[in-house]
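For reference, the structure is listed below as C-alpha cells.
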Amino acid sequence: MGWGSSKVALLGAFSGALVVAAVVVTAAASAKSSYESPYGYDRTWNAALRLVRVDNGWKITEKDAANGYLLFEYASPESSKTSAGSLELVRSRDADSFAVSVLVQLPQMPHYHEQVILDALASKMRREYGDAPERLPPAPPPKEQPDGGAPGSDD
C-alpha cells in the first residue's frame, strides 16, 4: 500500500504544478502592453482614435479625451467574435517632456494582439507626422553671480 499512496501523492503534486502553470499563463495573457509615444498627447490621441475607428472599423463603446481612454470592441482577424479592448494614454509627469505612454489591453486575447495594435499606432504616427520631434536638452543652470560682499565694506 505504501507504493500506491506515493503514486497518488506524485500525481497530486504533478496536478498542482499544472494548475499553477495554467494560472501563470492566464495572468500573463491579461497583461497590458505599452508604447512610449514621443509625439505629444494631442497627436497620439488623434492617431489612436483614427486607428481604432477608421483604419480598423472597430466600434468605440466609450471615449474620454480629457482622461485619455478609449473602450472598443476588438475584432480579431482570426475570429468573427469581438472582445472588449481598451486603449489608455498617460501623460508624462515631466513638464518638459512630450512623451505619452500608450497602454493597450485585450484581456481575452493573446498578448501579441496588443503588440500588433501598438506597432500599427507607432507606424501610423511616423507615416502621418514624420520623425519624432527631437528632445530638447535641459537648459543649463544659471551661472551664479559673484557675491559683492557685505553692504558697506570696501574689501
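In our numbering, the protein residues as written are 50 to 204. Even for Gly, the Cβ is constructed at its ideal location relative to N, Cα and C.
Where the beta strand (DSSP E) containing residue i begins and where it ends
i: residue 167; result: Careful: residue 167 lies outside any beta strand (DSSP E), inside the alpha helix (DSSP H) at 160 to 178.
i: residue 142; result: Note, residue 142: premise wrong, no beta strand (DSSP E); not H, not E.
i: residue 152; result: 149 to 154
Where the alpha helix (DSSP H) containing residue i begins and where it ends
i: residue 90; result: 90 to 99
Whole-number beta carbon distance between residue j and residue i, since they are thought to touch under 8 Å
i: residue 181; j: residue 88; result: 6 Å
i: residue 174; j: residue 102; result: About 16 Å; that fails the 8 Å criterion.
i: residue 138; j: residue 90; result: 6 Å
i: residue 84; j: residue 165; result: Their Cβ separation, rounded to whole angstroms, is 12 Å, which puts residue 84 and residue 165 out of contact at 8 Å.
Residue i and residue j closer than 7 Å at C-beta
i: residue 153; j: residue 140; result: no
i: residue 147; j: residue 134; result: no
i: residue 47; j: residue 86; result: An answer regarding residue 47 cannot be provided, because it is not within the stretch 50 to 204 covered by the chain.
i: residue 119; j: residue 130; result: no
i: residue 125; j: residue 157; result: no
Neighbour-count burial assignment, residue i, 16 or more Cβ in a 10 Å radius
i: residue 114; result: exposed
i: residue 96; result: buried
i: residue 106; result: exposed
i: residue 123; result: buried
i: residue 117; result: buried
i: residue 74; result: Residue placement at residue 74 is flagged as unreliable, the pLDDT there being 43, under the threshold of 50; a coordinate-derived value is accordingly withheld.
Exercise. Which parts of the stretch 110 to 137 are runs of the alpha helix (DSSP H), unbroken and 4 residues or longer, counting only runs that do not cross its ends?
Worked result: Segments of the alpha helix (DSSP H) lying fully in the stretch 110 to 137: there are none.
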